[in-house]
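Residue numbers (our numbering): 56 to 504. Here a beta-carbon is modelled for each residue, glycine too, at the ideal position from N, C-alpha and C. Here the structure is a predicted model, which is why all the values come from computation and not from measurement.
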Ligand code: CTP
């Protein structure tokens, strides 16, 4: 009996997949089809697959061509499978020519002609609207957005906006993206969605005008500096049936979700204390250091440090105390937020002018989770217990600089896939805006005294 094996994602099952399976089947007597898991695709950088793993398996099953279906979930698995299943022929489409020649020592490798003019990527783009995005603000974060958007099918940067003509022109020259400097409405007229990466105090106004003009909004944090404005933006988005997402990139990173779920799983018992710390000594010329009204540690990093607290303890805290170490002009170099809950307590610390270990420690009554800096990207975390020899280490996948995950979520929500709406909830964002309001009121009081 000749055994054949092939692998694929088989997203939005199409004629190209069917042809490939038919030809693969004809190569032998028994066909095994490996279907990728979501995590494996994520790890390979394929982050906007539409169908779930089960749906994709079901579509392969329905062809009646596979004698056996297995799932593919890690690198190197092909070598294991070929040996485990006694495979004679490994086959894939001709888009992979050369890639799997290394398997020749184990079995015969056959590249089958790919069916022209069809792919899952094409279907994803035609089935779903290609979202035309305009970037508001052309600083450091905008440049990162441009670098990451390449990895997201279904989203294109069309233009940018920056009222400062010089910065706008530099950006336009550097990236070849038309940059408006005067008419925000003219800019809005060209796009379906905006990514707001302008200075903190302008987020709310830009977001509001974009929503009023019927544009979806992905806004860097903080989305608003007080509760009222945050609620207003969400009410407006709901009324207009638009997506409003806040860009706290940690929330969308797969590793962070895994860490939170590990904490919730009971592995460290009941969670009683959380300490989240994010400090980065900033360039003295950077906005976070020069703008004493809307720069500083809190506005730069508090959202990241509050995120794990809200995820694990919820948004209803009994008490919040904020303490800062200020520079002479009032800018907070270091800020500590203490939160008290019925179940436990938490400290969120952030700094731009004081350096400390940037770690996340989640303490339970049987053990703790330690994620070292940069835990906000969550590439690694450990479970530790009283017994120092008992340590479990997790190393989740992480691609690029993390922005692509929030972009992928944004485009998915625009296309109404909405599969991850729990990643950062409206409730959590509004709760953050309340704490931001507390902080801003303190700042105001200090500047008056
Ligand atoms: N395939 C093919 N002809 C096509 C598309 C895919 O023969 N027009 C083959 C691939 O070469 C692979 C298998 O089908 O062996 C599964 O491919 P998969 O990557 O799931 O499909 P694509 O349509 O290529 O997906 P994407 O656009 O997401 O890369």
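Strand pairing of residue i, partner residues [DSSP]
i	result
residue 127	91
residue 146	61 and 165
residue 302	275
residue 251	191 and 274
residue 214	189 and 233
residue 438	424 and 447
residue 330	402 and 416
residue 85	58
Residue range of the beta strand (DSSP E) that includes residue i
i	result
residue 165	163-167
residue 376	374-381
residue 449	446-449
residue 233	233-235
residue 419	415-419
residue 392	387-395
Nearest residue (CA-CA) to residue i, options the options
i	options	result
residue 311	417, 254, 280 and 139	417
residue 445	339, 323, 327 and 332	323
residue 421	320, 232, 387 and 57	320
residue 497	379, 403 and 457	379
residue 455	394, 308, 159 and 407	308
residue 288	493, 261 and 304	261
residue 414	363, 221 and 100	363
residue 65	375, 111, 460 and 404	111
residue 211	84, 412, 188 and 199	188
residue 391	222, 99 and 406	406
residue 96	469, 372, 127 and 150	127
residue 213	249, 219, 156 and 343	249
residue 151	143, 291 and 165	165
residue 217	480, 201 and 194	194
residue 442	117, 423 and 457	423
residue 58	88, 389 and 305	88
residue 400	328, 360, 236 and 428	328
residue 123	135, 132 and 140	140
Residues near residue i by beta carbon distance below 6 Å, same chain, minus five either side
i	result
residue 491	277 and 280
residue 489	282
residue 430	415
residue 330	402 and 416
Cβ shell of residue i (< 7 Å), same chain only, five flanking positions each side left out
i	result
residue 366	315
residue 70	170 and 173
residue 78	167
residue 74	170
residue 486	365 and 370
residue 41	Given a span of 56 to 504 for the chain in the structure shown, any question on residue 41 remains unanswerable.
residue 439	422, 423, 425 and 446
Continuous alpha helix (DSSP H) stretch holding residue i: start and end
i	result
residue 352	352-368
residue 132	132-139
residue 310	309-319
residue 466	458-469
residue 260	258-267
residue 411	Premise fails: residue 411 is in no alpha helix (DSSP H) and is neither H nor E.
residue 182	175-182
residue 102	It is not in any alpha helix (DSSP H) - residue 102 carries neither H nor E in the DSSP assignment.
residue 345	342-345
residue 498	481-503
residue 433	That residue, residue 433, is in no alpha helix (DSSP H); it is neither H nor E in DSSP.
residue 295	282-295
residue 244	239-244
residue 335	Here residue 335 belongs to no alpha helix (DSSP H), and DSSP marks it neither H nor E.
residue 109	108-117
Close Cβ partners of residue i (< 8 Å) along its chain, the five nearest in sequence each way excluded
i	result
residue 464	300, 307, 475 and 478
residue 107	93
residue 137	60, 145, 158, 161 and 162
residue 208	103, 176, 179 and 180
Residue i beta carbon near the ligand ATP (any heavy atom closer than 7 Å)
i	result
residue 71	Absence of the ligand ATP is noted for the structure shown, with the ligand CTP being the only ligands found.
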